[in-house]
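Visitor: Structure below; questions to follow.
Number of protein chains: 2
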Amino acid sequence: MLIEEMTVKQCHEFLVRMDFGRLGCVHDNQPYVVPIYFAYEPDRLYGFSTLGRKIEWMRSNPRVCVEVDEVIDTKSWNCVIASGRYEELPNASQYVSERQRAYKLLEKRFLWWQTAYAAEQPRHAHQPSLTILYCIHVAEMTGRRAEPDQFDAGRTHQKISG
Amino acid sequence: MLIEEMTVKQCHEFLVRMDFGRLGCVHDNQPYVVPIYFAYEPDRLYGFSTLGRKIEWMRSNPRVCVEVDEVIDTKSWNCVIASGRYEELPNASQYVSERQRAYKLLEKRFLWWQTAYAAEQPRHAHQPSLTILYCIHVAEMTGRRAEPDQFDAGRTHQKISG
């Protein structure tokens, strides 16, 4: 297995292609990690959520970390870890253009959106649900990827050829 | 899609079956989320790592969060989020039995272990690498799972027969 650091360009390309990851936020030095759906363009990651612990914590401490991985098998995977700052995009005049941009990017995954939104329903069964749109401004990003090396390929060949 | 909270028993069974998740740790109110391999038995999650940011941060602040999910498709998934406390299991007499227990559980995924260990090598190419064994004592755990409901099943049938 050959492992290498990803370039910034490779990190961007990977995040643009992906739409599912995990977001970590913090309250009083206690971390909380949850799965999220997102849409990415360089240095901005857009997401949405109903009100809950994640949003409350990010409102009080905007420092977050997003981890996105793609594991094809044990010897072939990509992983990007991005640190950044949470900004809520409320339904107000100064956020119109950024909300439109977020919607445009997120619309491409509309089915995922519906699914994730539905997942929030049991918690809010007796109250109207409000979707919150947000942006993570990425400040730092690292990525690593692995692929089978010549020895792995040899072993695979041996296995296939019997 | 039908979404429901998982019982404690269901959370345990899910974590026993899984071996890959994401661990969140914190330093100075900044979260850091990384993929981990693990072995679980009720209320204890064993993992290993070489020395790096994750271990350094958990040594200074043992409060951690582990997220484990399994996404079969958009309408069928499981997700457990566990908060707990990091404890390192150094190679010392008072940790012998717990280290043996950890090794026994982790051995079942030995190939994963080797892979994850190899993944740490580029960072430590010029220094000897030291594998650190640790335990997360789980204090709080929640889980949710989704499965297709009768309407999804109807749509699937329609698609297949149509």
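The listed protein sequences derive, respectively, from chains F and C.
According to this note's numbering, the residues represented by the first sequence are 49 to 210, in order.
According to this note's numbering, the residues represented by the second sequence are 49 to 210, in order.
Don't be surprised by glycine CBs; every beta carbon is placed ideally from N, CA and C.
1. Leaving out five residues before and five after F:D121 in sequence, what residues of the same chain have Cβ atoms less than 6 angstroms from its Cβ?
2. Could you pull out every residue in the same chain whose Cβ sits closer than 6 angstroms to the Cβ of F:D91, ignoring the five residues on either side in sequence?
3. Taking Cβ-Cβ distances shorter than 8 angstroms, what residues in chain C pair up with F:E115?
4. Mind listing the chain C neighbours of F:R111? Cutoff is C-beta to C-beta under 8 angstroms, in chain order.
5. By the criterion of Cβ-Cβ separation under 9 angstroms, what are the contact partners of C:S97 in chain F?
6. Restricting to runs no shorter than 4 residues, where is the alpha helix (DSSP H) found entirely within the region 82 to 164 of chain F?
7. What first and last residue would you give for the alpha helix (DSSP H) that runs through F:L63?
8. Got a sec: is the Cβ-Cβ distance from F:V144 to anything in chain C below 7 angstroms?
9. Please list the terminal residues of the continuous beta strand (DSSP E) segment that includes F:M189.
10. Rounded to whole angstroms, what's the CA-CA distance from F:H75 to F:G100? Just pull it up for me.
11. Please report whether the beta-carbon of C:G100 lies at a distance below 7 angstroms from any beta-carbon of chain F.
12. In angstroms, rounded to a whole number, what distance separates the CA positions of F:A194 and F:Q142?
13. What is the rounded straight-line gap between the Cα of C:M49 and the Cα of C:W125?
14. Answer yes or no: do C:K102 and C:V82 have a C-beta to C-beta separation smaller than 7 angstroms?
15. So that I know if they touch, is there some Cβ in chain F lying closer than 7 angstroms to that of C:V128?
16. Grab me the residues of C:T204's own chain with a C-beta within less than 8 angstroms of its C-beta, minus the 5 sequence neighbours each way, in chain order.
17. For chain C, find out if any of its Cβ atoms is closer than 7 angstroms to the Cβ of F:V56; answer yes or no.
18. Going by DSSP, what residues sit across from F:Q78 in a beta bridge?
19. Under 7 angstroms between C-beta atoms, does C:V64 make it to chain F?
20. Is F:V74 close to chain C, meaning its C-beta is less than 7 angstroms from at least one C-beta of that chain?
21. Looking only at C-alpha atoms, which of F:K152, F:V128 and F:V64 sits nearest to F:E188?
22. F:S108 and F:I180 - do their beta-carbons sit closer together than 7 angstroms?
23. Rounded to the nearest angstrom, how far is the Cβ of C:R111 from that of C:R133, given a contact under 8 angstroms?
24. Pick from C:P138, C:C73, C:W105 and C:L153: whose alpha carbon is nearest that of C:Y88?
25. Please list, in chain order, the chain F residues whose beta carbon lies closer than 7 angstroms to that of C:S124.
26. Take C:E104 as the anchor and find which of C:D117, C:C73 and C:V116 has the nearest alpha-carbon.
27. Taking F:E155 as the reference, give the member of F:Y85, F:R70 and F:L137 with the closest Cα.
28. Restricting to Cα atoms, I'd like to know which of F:D67, F:E52, F:K57 and F:Q198 is closest to F:E115.
29. Are there 16 or more other CB atoms within 10 angstroms of the CB of F:A140, so buried, or fewer, so exposed?
Guide: Well, looking at it:
1. Within the same chain, F:D121 has no close Cβ partners at all.
2. Hits under 6 angstroms: V186.
3. Correct list: R70, V81, V82 and P83.
4. Within chain C, the residues near F:R111 are N77, Q78 and P79.
5. Neighbourhood of C:S97 in chain F, by CB distance below 9 angstroms: empty, with the nearest CB roughly 14 angstroms away.
6. Listed in chain order, the complete alpha helix (DSSP H) runs (minimum 4 residues) inside the region 82 to 164 of chain F are 101 to 108 and 144 to 155.
7. V56 to R65 is the extent of the alpha helix (DSSP H) around F:L63.
8. Chain C has no Cβ within less than 7 angstroms of the Cβ of F:V144.
9. Segment T179 to E195, the beta strand (DSSP E) holding F:M189.
10. Approximately 13 angstroms, taken between the alpha carbons.
11. Chain F, which has no Cβ nearer than 7 angstroms to the Cβ of C:G100, makes this no.
12. The alpha-carbon atoms of F:A194 and F:Q142 are separated by roughly 43 angstroms.
13. Straight-line spacing of the CA atoms in C:M49 and C:W125 works out to 10 angstroms.
14. The answer is yes: Cβ separation under 7 angstroms.
15. C:V128 does not count as touching chain F.
16. Reliability fails at C:T204, whose pLDDT of 44 lies under 50, so the model's placement of it is uncertain and the value that follows must be treated cautiously. Once the five neighbours on either side are set aside, the close Cβ partners of C:T204 are P196.
17. No, F:V56 lies away from the interface with chain C (no Cβ there is under 7 angstroms from its Cβ).
18. In the DSSP output, where bridge partners are listed per residue, F:Q78 has F:H75.
19. So, not an interface residue.
20. Yes, because at least one Cβ of chain C sits closer than 7 angstroms to the Cβ of F:V74.
21. The shortest Cα separation from F:E188 among F:K152, F:V128 and F:V64 belongs to F:V128.
22. F:S108 sits away from F:I180, with the two beta carbons spaced by 7 angstroms or more.
23. Approximately 7 angstroms separates the beta-carbon atoms of C:R111 and C:R133; this is inside 8 angstroms, confirming the contact.
24. Nearest option by C-alpha distance: C:L153.
25. For C:S124, there are no neighbours in chain F by C-beta distance under 7 angstroms, as the nearest C-beta there is about 10 angstroms away.
26. Residue C:C73 is the option with its Cα nearest to C:E104.
27. If we check each option's Cα against that of F:E155, F:Y85 comes out closest.
28. Nearest C-alpha to F:E115: F:D67.
29. With fewer than 16 other Cβ atoms within 10 Å, it is exposed.
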